[in-house]
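Undergrad:
Number of protein chains: 4
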Amino acid sequence: MADHTPPPRTPDDSRRPDVSRRSEKSRRAIYEAALSLVVELGYPKTTIEGIAARAGVGKQTIYRWWSSKADVLLEAFLDLGDQAARAAEEAGYAGEREPYAIADTGDLAADLKGVLRATVDELLDPKYDRPYRALAAEGVVDEELGRTFVAKLLEPSLQLYVDRLRAAQEAGQVRPEVDPRIALELFVSPLAQRWLQRTAPISHAYTDTLVDYALNGLAPR
Amino acid sequence: MADHTPPPRTPDDSRRPDVSRRSEKSRRAIYEAALSLVVELGYPKTTIEGIAARAGVGKQTIYRWWSSKADVLLEAFLDLGDQAARAAEEAGYAGEREPYAIADTGDLAADLKGVLRATVDELLDPKYDRPYRALAAEGVVDEELGRTFVAKLLEPSLQLYVDRLRAAQEAGQVRPEVDPRIALELFVSPLAQRWLQRTAPISHAYTDTLVDYALNGLAPR
Amino acid sequence: MADHTPPPRTPDDSRRPDVSRRSEKSRRAIYEAALSLVVELGYPKTTIEGIAARAGVGKQTIYRWWSSKADVLLEAFLDLGDQAARAAEEAGYAGEREPYAIADTGDLAADLKGVLRATVDELLDPKYDRPYRALAAEGVVDEELGRTFVAKLLEPSLQLYVDRLRAAQEAGQVRPEVDPRIALELFVSPLAQRWLQRTAPISHAYTDTLVDYALNGLAPR
Amino acid sequence: MADHTPPPRTPDDSRRPDVSRRSEKSRRAIYEAALSLVVELGYPKTTIEGIAARAGVGKQTIYRWWSSKADVLLEAFLDLGDQAARAAEEAGYAGEREPYAIADTGDLAADLKGVLRATVDELLDPKYDRPYRALAAEGVVDEELGRTFVAKLLEPSLQLYVDRLRAAQEAGQVRPEVDPRIALELFVSPLAQRWLQRTAPISHAYTDTLVDYALNGLAPR
DNA sequence: GATTAATCGAGACGGTACGTCTAGTCTTTAC
DNA sequence: GTAAAGACTAGACGTACCGTCTCGATTAATC
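Protein chains in written order, with the numbering used here: chain A, 48 to 268; chain B, 48 to 268; chain C, 48 to 268; chain D, 48 to 268.
(1) What does C:T246 touch in chain D if you count any residue whose Cβ is under 7 Å from its own?
(2) I'd like to check one pair, B:V209 with B:L233: are the Cβ atoms closer than 8 Å?
(3) If you follow the alpha helix (DSSP H) that C:Q240 is part of, which residue opens it and which one closes it?
(4) Taking beta-carbon pairs under 7 Å, can you tell me which members of the segment 177 to 189 of chain B lie near chain A?
(5) Would you identify the three-state DSSP class for B:L265, choosing helix, strand or coil?
(6) From which residue to which residue does the alpha helix (DSSP H) around C:K72 run?
(7) Can A:D158 and A:D151 be called in contact, C-beta distance under 8 Å?
(8) For my contact list, B:V187 and A:Q244 are in at a C-beta cut-off of 8 Å; report their separation, rounded to the angstrom.
(9) Listed in chain order, which residues of the segment 108 to 132 of chain C have Cβ atoms closer than 9 Å to some Cβ of chain D?
(10) Find the residues of chain C that neighbour D:E136, judging by a C-beta separation of less than 9 Å, and give them in chain order.
(11) Just to confirm my understanding: we take A:T108, look at its own chain, exclude 5 residues before and 5 after, and list those with CB closer than 6 Å. What are they?
(12) Contact between the segment 203 to 222 of chain A and the segment 211 to 225 of chain B: three or more CB pairs below 8 Å?
(13) Which of helix, strand or coil does DSSP assign to B:Q107?
(14) Quick one: does A:Y90 have its CB under 8 Å from some CB of chain B?
(15) Straight-line CA distance for B:V162 to B:I149?
(16) Residues of chain D with a CB under 9 Å from the CB of C:I229: which are they?
(17) Which residue marks the beginning of the alpha helix (DSSP H) containing C:Y208, and which one marks its end?
(18) Which chain C residues sit within Cβ distance under 8 Å of D:V225?
(19) Taking all protein chains shown into account, do 16 or more other C-beta atoms lie within 10 angstroms of the C-beta of B:V66, making it buried, or fewer, making it exposed?
(20) Run down chain B in chain order and give the residues with a C-beta less than 8 Å from the C-beta of A:E232.
(21) Return yes when the Cβ of D:V85 is within less than 8 Å of the Cβ of D:A156, no when it is not.
(22) Since C:G219 meets chain D, which of its residues come closer than 9 Å, beta carbon to beta carbon?
(23) Taking only beta-carbon positions, decide if D:R164 is within less than 8 Å of chain C.
(24) Can you give, in chain order, each stretch of the beta strand (DSSP E) that sits fully within the segment 115 to 139 of chain B and has at least 3 residues?
(25) Quick check on the burial criterion: 16 or more other C-beta atoms within 10 angstroms. Buried or exposed for B:P237?
(26) Quick check: the segment 112 to 127 of chain B against the segment 194 to 201 of chain B, are there 3 or more CB pairs under 8 Å?
(27) Grab the span of the alpha helix (DSSP H) containing C:A157 for me, first residue to last.
(28) Any beta carbon from chain A within less than 8 Å of B:G193's own beta carbon?
(29) Just reading off the alpha helix (DSSP H) that B:R194 is part of, what are its end residues?
(30) Could you tell me whether any Cβ in chain C is nearer than 8 Å to the Cβ of D:R222?
(31) With H, G and I counted as helix, E and B as strand and the rest as coil, what does DSSP make of B:R3?
(32) Measuring alpha carbon to alpha carbon, tell me which of B:Y253, B:V235, B:Y175 ends up nearest A:I229.
(33) Just to confirm my understanding: we take D:P173, look at its own chain, exclude 5 residues before and 5 after, and list those with CB closer than 7 Å. What are they?
(34) Can you tell me where the alpha helix (DSSP H) holding C:I149 begins and where it ends?
(35) Taking DSSP as the reference, what is the three-state secondary structure of D:D65?
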């Protein structure tokens with residue numbers, strides 16, 4: 048996963064604050080405050096004033112570096128991922144939380160079921176659920192945030208499925224005319240919708256079934 | 048589609064306002080104001096004060112009958128559906144806006160593609176898109192509203208797919224062991240996610256492809 | 048003391064409600080509710096809705112017969128006086144609560160001290176203090192109510208002092224060129240101001256002193 | 048007259064706003080708005096929202112520094128006095144609007160008549176009458192405000208009478224056993240009551256008469 | 001190591017909207 | 001037709017946050 052620390056601003060950007068002088072301590076405190084408040088109170092009751100107060104930070108420090116509550120939370124959440132990835136790496140762990148590729152054991156169905164099971168576990172963990180859900184909701188209504196959310200969080204993960212499906216196509220396990228970018232939605236989107244909209248419960252059995260249906264189709268063979 | 052007018056309260060409901068004295072004119076005006084404001088300004092900039100002002104109504108009249116902005120919008124949207132349904136019926140129109148069943152011509156793929164194309168058209172119409180999206184977003188974060196949203200708006204439509212799929216099963220066009228409630232998600236959820244999260248554009252060609260993939264599966268036959 | 052029951056409206060007053068059909072029970076209940084609420088909550092927290100609720104009466108019944116909260120309280124207070132007077136009469140009591148004349152024992156100073164002591168006692172009784180004070184305050188700011196308050200409550204009492212002082216003049220105890228209407232203010236107004244504005248405490252000793260100073264003057268004789 | 052600018056808060060007063068950061072411009076604008084609105088609309092129709100709007104100030108700025116509408120008006124009125132006093136001083140004027148002492152020409156009656164005539168003029172000036180009356184009325188009913196009103200506005204003026212009367216006592220023009228604090232009420236309170244309660248008109252002739260009666264007494268000499 | 005300039009915590013500011021309360025009017029049903 | 005009941009429009013209340021602004025007090029880079 049890419050490091051989401053905001054890149055150093057160009058020096059000609061005269062109105063922007065000087066990134067080199069930025070307080071790392073405050074940044075961390077704001078991330079933690081934002082995430083914990085969203086978990087405790089939910090997104091709508093989390094306020095910028097509240098984040099500033101809990102972080103022991105002036106409001107202006109937030110407004111200086113972020114454009115909105117959603118923006119803070121998005122970065123905080125991205126940072127959470129980076130942290131986890133970094134922690135995994137440091138533990139000498141080869142397969143970190145969000146790997147750069149889906150395992151390819153030759154058995155497409157098993158590989159897909161594996162990742163989806165891991166995703167289910169993550170979605171059921173309140174630590175991820177609350178802020179992730181809050182961001183998703185905001186992105187539904189706020190187009191700009193939504194696009195950022197998709198580009199930075201969703202799309203990279205989906206690309207992994209594209210890669211795996213393409214490999215399967217080359218191995219003759221998926222029909223060559225199938226568009227992988229659409230194909231992945233057959234099992235990813237149902238999970239996403241059940242989780243986001245609570246249309247029905249999610250489980251390992253459920254995602255397993257999705258993979259089976261998607262690979263074999265509904266019509267009799 | 049069911050009539051969503053709130054049912055008369057039981058007489059023992061002592062603290063609640065008297066439904067029989069409710070002003071129908073104000074109710075209608077509030078629905079219209081809420082929907083038009085959401086379309087014009089978007090959900091977050093739509094305020095209860097604004098709705099009251101545009102509807103020519105006291106704020107208390109809104110607070111008396113609804114618990115939140117989302118609640119107003121949900122009922123307004125449900126009412127919109129009822130109105131459309133009623134209008135269709137009055138026009139002696141057999142196939143109303145949201146039919147009680149998906150057409151069954153014997154050709155499952157064609158029938159599914161037909162409904163999905165209609166859904167795509169609806170989702171691309173700003174008149175529906177804006178409020179629907181706002182409600183969906185709120186439902187993502189507010190569990191109670193979310194469940195109501197799903198129960199009253201989403202689930203009834205999904206049930207139509209269940210029915211059509213079951214008919215197809217009986218006709219031997221869908222494998223008998225397939226669970227229709229899950230099967231329908233193979234083509235419905237991808238569309239939902241693309242629309243809600245803007246992960247990619249939606250079109251008739253896209254939904255047609257979804258139906259083909261779902262029915263035939265991704266694996267070679 | 049005059050009976051303060053509002054006089055029957057003239058029949059040509061077409062917009063006014065029909066007095067002959069007025070509910071006496073409601074009127075009494077409103078008076079009692081108004082007075083008790085003012086005593087309990089104070090004037091500003093006493094609301095028309097509150098009076099109606101406690102009296103078991105519709106709001107419109109109050110608006111039909113009175114023009115304002117102050118108006119209700121004024122009549123309620125006048126009625127309180129009437130009731131007391133009537134009660135006194137019925138008890139065969141010659142000297143009722145508010146007599147038609149100040150006693151004339153020949154000793155002007157003693158007579159004045161007597162009435163003033165009685166007045167002090169009344170002003171210290173919360174039952175009278177609270178509503179009386181509320182009315183006075185409202186009258187300070189609302190000129191119309193103020194004039195009614197003075198005409199119906201204050202002036203009749205002051206007239207008794209005028210009468211007593213004139214008698215004293217005829218008896219040669221007060222200089223003939225003195226204007227009794229002004230003279231009475233020398234001892235009545237100080238008491239009124241101390242009570243109304245709380246500039247200093249009131250007591251029998253205080254009013255006794257006032258009478259002495261007023262009769263003998265401040266300058267050495 | 049003392050300067051009524053609120054004193055700097057003690058540093059241990061942890062929850063209170065920081066006085067040193069207070070906007071002087073807003074304070075002035077609020078005073079002016081409050082006074083002008085009371086003159087134009089009267090006290091009851093003057094609202095905090097109205098004051099904020101006319102002053103071009105957020106409501107919270109009022110609530111931050113004052114506890115009630117009456118509190119705002121009281122300070123505004125005190126400030127009005129301070130301003131007048133300051134203006135007088137700056138004009139090199141020895142005898143400012145509200146002098147620190149009542150003139151002592153040796154003629155007690157004349158001196159008293161002088162101040163009282165000036166007071167009558169002030170009470171008849173709508174610029175002072177309206178807010179002063181509003182505050183007095185509120186003080187009648189709201190004990191806390193009443194005590195502040197008396198302590199800051201009324202008592203300092205009354206003290207001047209006490210001083211003058213004591214001087215007169217030493218000069219043998221007033222009986223030594225007379226209590227000046229009570230004596231002054233013989234001419235001050237009647238004027239106050241006529242003005243406050245509108246029991247009768249006020250004029251220079253009237254206050255002259257009051258002084259004569261009070262000094263010489265009503266009884267024949 | 002001293003200078004200097006930007007960031008920092010803090011919080012007052014002008015505003016907007018909240019959800020509540022009451023005013024005074026209007027409507028319905030019962031007597 | 002008056003009454004009780006209570007829903008209605010209207011708008012002020014006092015609170016909570018918004019996003020901007022100023023204020024010293026750090027603090028980090030430059031001299």
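Yeah, the Cβ is synthetic: ideal placement off N, Cα and C, and Gly gets one too.
TA: The structure says:
(1) Your numbering for residue 246 of chain C matches position 199 in the third sequence. Correct list: V197, L201.
(2) Walking along the second sequence from the start, residue 233 of chain B turns up at place 186. Walking along the second sequence from the start, residue 209 of chain B turns up at place 162. The answer is no: Cβ separation not under 8 Å.
(3) Position 193 of the third sequence, counting from 1, holds the residue named residue 240 of chain C. Residues 232 to 244.
(4) R180, A181, A183, A184, G186, V187, V188
(5) Indexing the second sequence from 1 puts residue 265 of chain B at position 218. Coil.
(6) Position 25 of the third sequence holds residue 72 of chain C. 71 to 88 is the span of the alpha helix (DSSP H), which, as asked, contains C:K72.
(7) Against the first sequence, residue 158 of chain A aligns to sequence position 111. Against the first sequence, residue 151 of chain A aligns to sequence position 104. Contact flag set, yes.
(8) Position 140 of the second sequence, counting from 1, holds the residue named residue 187 of chain B. Position 197 of the first sequence, counting from 1, holds the residue named residue 244 of chain A. Confirmed, about 7 Å.
(9) none
(10) By 1-based counting over the fourth sequence, the position of residue 136 of chain D is 89. By Cβ distance, chain C contributes nothing, its closest Cβ being about 28 Å from D:E136, past 9 Å.
(11) Stepping through the first sequence from its first residue, residue 108 of chain A is reached at position 61. Result list for A:T108: S73, in chain order.
(12) no
(13) Position 60 of the second sequence, counted from the start, is the residue given in the question as residue 107 of chain B. Three-state result, B:Q107: helix.
(14) One-based indexing of the first sequence puts residue 90 of chain A at position 43. So, interface residue.
(15) Along the second sequence, read from residue 1 onward, the residue named residue 162 of chain B stands at position 115. Along the second sequence, read from residue 1 onward, the residue named residue 149 of chain B stands at position 102. Distance between the alpha carbons of B:V162 and B:I149 is about 7 Å.
(16) Residue 229 of chain C sits at position 182 when you count from the first residue of the third sequence. Those within 9 Å of C:I229 in chain D are P237, A247, Y253, T256, L257, Y260.
(17) In the third sequence, counting from the first residue as 1, residue 208 of chain C sits at position 161. Taken as a continuous stretch (DSSP letters only), the alpha helix (DSSP H) holding C:Y208 covers 202 to 217.
(18) The residue labelled residue 225 of chain D in the question sits at position 178 within the fourth sequence. What D:V225 touches in chain C: Y260, L265.
(19) Locating residue 66 of chain B in the second sequence gives position 19, counting from the first residue. B:V66 comes out exposed.
(20) Position 185 of the first sequence, counted from the first residue, corresponds to residue 232 of chain A. Neighbours of A:E232 on chain B, chain order: S236, P237, Q240, R241, L257.
(21) Counting from one through the fourth sequence, the residue named residue 156 of chain D turns up at place 109. Counting from one through the fourth sequence, the residue named residue 85 of chain D turns up at place 38. No.
(22) Locating residue 219 of chain C in the third sequence gives position 172, counting from the first residue. P267, listed in chain order.
(23) If you number the fourth sequence from 1, residue 164 of chain D lands on position 117. So, not an interface residue.
(24) none
(25) As a working note, residue 237 of chain B is residue 190 in the second sequence. With 16 or more Cβ atoms within 10 Å of its Cβ, B:P237 is classed as buried.
(26) yes
(27) As a working mapping, residue 157 of chain C is identified with position 110 in the third sequence. C:A157 -> alpha helix (DSSP H) spans 155 to 171.
(28) The sequence position of residue 193 of chain B within the second sequence is 146, counting from 1. Closer than 8 Å: yes.
(29) Here residue 194 of chain B refers to the residue found at position 147 of the second sequence. Here the alpha helix (DSSP H) through B:R194 covers 190 to 196.
(30) In the fourth sequence, the residue the question calls residue 222 of chain D occupies position 175. It does; some Cβ of chain C falls within 8 Å.
(31) Nothing about residue 3 of chain B can be read from this structure; chain B reaches only from 48 to 268.
(32) Translated into positions along the first sequence, residue 229 of chain A becomes position 182. Considering only alpha carbons, the answer is B:Y253.
(33) For the purposes of this step, residue 173 of chain D is taken as residue 126 along the fourth sequence, with counting starting at 1. Cβ within range, chain order: V86.
(34) For the purposes of this step, residue 149 of chain C is taken as residue 102 along the third sequence, with counting starting at 1. From DSSP, C:I149 is part of no alpha helix (DSSP H); its letter is neither H nor E.
(35) Here the question's residue 65 of chain D lines up with position 18 in the fourth sequence. Coil, per DSSP.
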